[in-house]
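S.K.: Just passing along the structure, written as structure tokens.
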Amino acid sequence: MVMCPCGLLQPYAQCCQRLHDSSQAAASAEQLMRSRYAAFALGKIDYIVQTTLPAQQYLLDVQAITAWSQQNQWLDLSIVSSQPAIKPHHAKVEFIARFKDQQGEQQHHELSSFVQIDTRWYFLDPTVQPMPGLKSACLCGSGQKFKRCCAPFLGLT
Ligand SMILES: [Zn+2]
Ligand SMILES: [Zn+2]
């Protein structure tokens, strides 16, 4: 039995596999975060792309993401804190991912932002360029201006 790498101590088949094979959608930003970590650990980069905000997907450097996932040995994930609904359709998850690279054991500590579109949660990637202007329509398709919607979650206002 293969255990899921996401930290919930469950068999993979009953945990993130159902998200990875699209038979189920993440019910919360935290669940999406866990399933994205598991996808990193298992080299399922398609899932990383599919769970990034649709408007950012084609801007992702898939080769770099693939290389980053393969260069490291992923040890575990801890969720530090989870803010499921800061305002409607937005959430933040703080986490620490431990991994081993050539220099030894490393920690990646991040406060990630997520946005819900229709019923699905997506990761808002703060590193993807270009970002829209603050007065332009938001990346997430909400119809609001970027500065009133997702920009504050990316630390851009
Ligand atoms: Zn899992
Ligand atoms: Zn938005």
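Residue numbers (the numbering used here): 46 to 202. Glycine included, each C-beta is placed from N, C-alpha and C at the ideal position. Predicted model only: the values in this text are computed from it and were never measured.
Expressed to the nearest angstrom, what Euclidean distance is found between the alpha-carbon atoms of His153 and Ser181?
M.R.: Rounded to whole angstroms, His153 to Ser181 spans 32 Å at the Cα level.
S.K.: DSSP three-state label for Asp121, please.
M.R.: Strand at Asp121.
S.K.: Mind listing which residues have their beta carbon within less than 5 Å of any non-hydrogen atom of ligand 2? Chain order is fine.
M.R.: Any residue whose Cβ sits closer than 5 Å to a heavy atom of ligand 2 makes the list: Cys183, Cys185, Ser187, Cys194 and Cys195.
S.K.: Rounded to the nearest angstrom, what separates Val94 and Leu179 at their Cα positions?
M.R.: Straight-line Cα distance between these residues: approximately 25 Å.
S.K.: Please classify Met48: does DSSP put it in a helix, a strand, or coil?
M.R.: The answer is strand: DSSP assigns Met48 an E or B state.
S.K.: Would you please state the rounded distance, in angstroms, between the beta carbons of Phe168 and Thr111? I believe it to be under 8 Å.
M.R.: Rounded, the Cβ-Cβ distance is 17 Å, inconsistent with contact.
S.K.: For a test of your reading of the model: does the CB of Ser181 fall under 7 Å from any non-hydrogen atom of ligand 1? Yes or no.
M.R.: No, the Cβ of Ser181 stays beyond 7 Å of every heavy atom of ligand 1.
S.K.: Could you give the DSSP three-state label for Leu53: helix, strand or coil?
M.R.: Three-state result, Leu53: coil.
S.K.: Who are the Cβ neighbours of Leu53 in its own chain at under 8 Å, not counting the five residues just before and after it?
M.R.: Excluding sequence neighbours, Leu53 sits near Cys60 and Arg79.
S.K.: Which residue marks the beginning of the alpha helix (DSSP H) containing Val94, and which one marks its end?
M.R.: Segment Ile90 to Gln95, the alpha helix (DSSP H) holding Val94.
S.K.: Leaving aside the five residues before and after Leu199 along the sequence, list all residues of the same chain whose C-beta is less than 7 Å from its C-beta, in chain order.
M.R.: Ser158, Leu169 and Pro171.
S.K.: Check for me: the beta strand (DSSP E) holding Tyr167 runs from which residue to which?
M.R.: Looking at the DSSP string, the run of the beta strand (DSSP E) that includes Tyr167 is Arg165 to Leu169.
S.K.: Hey, would you say Ala58 sits closer than 8 Å to Trp166, going by beta carbons?
M.R.: Taking 8 Å as the Cβ cut-off, Ala58 and Trp166 do not qualify as a contacting pair.
S.K.: What did DSSP end up calling His65 once you bin it into helix, strand or coil?
M.R.: Correct three-state label for His65: helix.
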